[in-house]
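Going from the sequence shown to my numbering is simple: count from 1 and add 2. We put the CB at the ideal spot given by N, CA and C, even for glycine.
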Amino acid sequence: MQHRLEWAKKHQDWTVEEWRKVVFSGETNANVWGSDVCKYYWKRPSDPLQPHHLEFTDQDMLVKFTMGT
Numbered sequence: 003m004q005h006r007l008e009w010a011k012k013h014q015d016w017t018v019e020e021w022r023k024v025v026f027s028g029e030t031n032a033n034v035w036g037s038d039v040c041k042y043y044w045k046r047p048s049d050p051l052q053p054h055h056l057e058f059t060d061q062d063m064l065v066k067f068t069m070g071t
């Protein structure tokens, strides 16, 4: 966050014309189903691993965005 504040202070006196040349971009990850948090389950050491203990999915997506001024 500190570098963002420094960048903002450095550019606080820009003109509207200078800001028109700026493009902000970034990316974020969005899950269609579930979340990125760890999931835990309990089983006895002698119990076999069940299919519902494993979750393989390709149901997430990466969203890239650009926002011009």
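Span of the alpha helix (DSSP H), counted from its first residue to its last, around residue i
i	result
Gln4	Gln4 to Lys12
Trp21	Val18 to Trp21
Rounded separation between residue i and residue j - CA only
i	j	result
Gln14	Gln4	15 Å
Lys45	Glu29	38 Å
Trp16	Ser27	19 Å
Glu19	Pro53	59 Å
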